[in-house]
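Trainee: First the structure, which I've put down as structure tokens, then a few questions once you've had a look.
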Amino acid sequence: MTDKYGPWGIVAGGSDGVGAAFAEAMAARGINLVLVARRVPLLESAADVIRRRYGVQVRTVPLDLATDDAPVELADATADLEIGLLVYNAGSDDSTADFLDREPADHLRLVRRNCVSALETVHHFGAPMALRGRGGVILVTSGAAWAGGATRATYGATKAFGLVLAESLWAEWRAHGVDVLALVLGRTDTPSLHRLLGDEDQPLGGLADPVEAAEEALTHLGDGPTWISGSADPAGASPVGALSRRDAVLAMNPR
Ligand SMILES: NC(=O)c1ccc[n+]([C@@H]2O[C@H](COP(=O)([O-])OP(=O)(O)OC[C@H]3O[C@@H](n4cnc5c(N)ncnc54)[C@H](OP(=O)(O)O)[C@@H]3O)[C@@H](O)[C@H]2O)c1
Numbered sequence: 000m001t002d003k004y005g006p007w008g009i010v011a012g013g014s015d016g017v018g019a020a021f022a023e024a025m026a027a028r029g030i031n032l033v034l035v036a037r038r039v040p041l042l043e044s045a046a047d048v049i050r051r052r053y054g055v056q057v058r059t060v061p062l063d064l065a066t067d068d069a070p071v072e073l074a075d076a077t078a079d080l081e082i083g084l085l086v087y088n089a090g091s092d093d094s095t096a097d098f099l100d101r102e103p104a105d106h107l108r109l110v111r112r113n114c115v116s117a118l119e120t121v122h123h124f125g126a127p128m129a130l131r132g133r134g135g136v137i138l139v140t141s142g143a144a145w146a147g148g149a150t151r152a153t154y155g156a157t158k159a160f161g162l163v164l165a166e167s168l169w170a171e172w173r174a175h176g177v178d179v180l181a182l183v184l185g186r187t188d189t190p191s192l193h194r195l196l197g198d199e200d201q202p203l204g205g206l207a208d209p210v211e212a213a214e215e216a217l218t219h220l221g222d223g224p225t226w227i228s229g230s231a232d233p234a235g236a237s238p239v240g241a242l243s244r245r246d247a248v249l250a251m252n253p254r
């Protein structure tokens, strides 16, 4: 793992939920870590746990990935490191609302974090990987990417962006020895999902385990372009792929 994806890995959004599970799984494989998140106490305590448990080096970079300068700040904070694995994980939306019930600035924060910063970050760290002829990139996306649906317009659109970006880079970078994976998650037991379910007052249950999702993704990092976590056919077709677009949108629609 470290030969192909080391010596350092980045988890963008690595202090809780799926990202914290990725951080542990990468550290357990001997990869030193750069962890990015906004809340400093949570970030530092996640880093301390990993240092103590796995003995790898961990650098924390407190950043809001929804801001214009974040990709450059991350590049500067890691300029002295050889990054062999990038997991762009931060990307959930922990509230739902109709499109018009949110301010444009709110939508644009999602676009900035999930599309613009993701693209700039992947471009910056992918270039030296392609030159070296080794490395890995995982973009964490969602079943919301399969088709549009009410109350998730911008979230779903950003996740579709990540899905197609990862699949396209897989097609370009496979010849350069860089593995790219679009990791498609369903409902997964994370603090962010609990905030969302709290909002919607939905019953809990049937949630995927973030630790299993991260393990599965690292195990299948070379099996891109797309991995549908927890599916009986994880490298198979979209579950709505056989439907007309209209039926797919209706199938995704919570109403
Ligand atoms: N959980 C699910 O049911 C589910 C379902 C489908 C897909 N997914 C996908 O899985 C990924 C992880 O989801 P998750 O549920 O674990 O929650 P998440 O909110 O996407 O990830 C949480 C991590 O990201 C950090 N983070 C969030 N926004 C950030 C920002 N603007 N800048 C920097 N760091 C940020 C959080 O720390 P701070 O808050 O301190 O910044 C935390 O470390 C997302 O891409 C999501 O779309 C999740």
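Going letter by letter, the sequence shown gives residues 0 to 254 in numbering that gives the first Met the number 0. Built from N, CA and C at the ideal position, the CB exists for glycine as well. All figures in this text were calculated on a predicted structure; none of them were measured in a lab.
(1) So, at 6 Å on beta carbons, what are the nonlocal neighbours of G135 in its own chain, with the 5 sequence-adjacent residues on each side left out?
(2) For a test of the three-state rule: what should DSSP assign to R173, helix, strand or coil?
(3) Drop a sphere of 10 angstroms on the beta-carbon of P103, count the other beta-carbons inside from all chains shown, and report buried for 16 or more, exposed for fewer.
(4) What three-state label does DSSP hand R133 in the structure shown?
(5) Does DSSP classify R58 as helix, strand or coil?
(6) Taking just the CA atoms, how far does G54 sit from D47?
(7) At a cut of 8 Å, does the segment 210–227 reach the segment 20–37 through at least three beta carbon pairs?
(8) At 4 residues or longer, what runs of the alpha helix (DSSP H) sit wholly inside the segment 203–250?
(9) In its own chain, which residues sit with a C-beta less than 7 Å from the C-beta of D208, not counting the 5 before and 5 after it?
(10) Name the two residues that bound the continuous alpha helix (DSSP H) containing V115.
(11) Can you list, in chain order, the residues of its chain whose CB lies under 8 Å from that of R108, leaving out five sequence neighbours each side?
(12) For W226, which of A241, V163, T95, H193 has the nearest alpha-carbon?
(13) Let's see if you can read the secondary structure: which residues bound the alpha helix (DSSP H) around L42?
(14) Considering only the alpha carbon of each residue, which of E171, V33, A36 lies closest to H122?
(15) Could you tell me whether any non-hydrogen atom of ligand 1 is closer than 7 Å to the CB of R173?
(16) Who are L84's beta bridge partners in DSSP?
(17) Going by C-alpha to C-alpha distance, which of V10, H175, V39, A250 sits closest to P127?
(18) Looking at ligand 1, does it come within less than 7 Å of G185, judged from the CB to the closest heavy atom?
(19) Using a Cβ-Cβ cutoff of less than 6 Å, which residues in the same chain neighbour S116 once the five nearest sequence positions on both sides are dropped?
(20) Return the chain-ordered list of same chain residues with a C-beta closer than 6 Å to the C-beta of T153, the five sequence neighbours on each side being excluded.
(21) Counting only the same chain and skipping the five closest in sequence on each side, list residues whose C-beta sits under 6 Å from that of S141.
(22) Ligand 1 heavy atoms versus the CB of R101: any closer than 7 Å?
(23) Does DSSP classify A36 as helix, strand or coil?
(24) Please go through the same chain and pick out, in chain order, the residues whose beta-carbon is closer than 7 Å to the beta-carbon of A129, but skip the five residues on each side of it.
Mentor: According to the structure data:
(1) Correct list, in chain order: Y4, L84, D178, L220.
(2) helix
(3) It is exposed - the Cβ of P103 has fewer than 16 other Cβ atoms within 10 Å.
(4) coil
(5) strand
(6) 10 Å
(7) yes
(8) 209–218
(9) D188
(10) Taken as a continuous stretch (DSSP letters only), V115 belongs to no alpha helix (DSSP H), as it is neither H nor E.
(11) A65
(12) Taking only the C-alpha atoms, the option nearest W226 is V163.
(13) 39–53
(14) Comparing Cα positions, the closest option is E171.
(15) no
(16) G8, G135
(17) Among V10, H175, V39, A250, the Cα nearest to that of P127 belongs to H175.
(18) Yes, the Cβ of G185 comes within 7 Å of a heavy atom of ligand 1.
(19) Same-chain partners within the cutoff: L64, A69, P70.
(20) H106, L109
(21) The answer, listed in chain order, is K158, L184.
(22) Not one heavy atom of ligand 1 is found less than 7 Å from the C-beta of R101.
(23) strand
(24) W172, H175, V177
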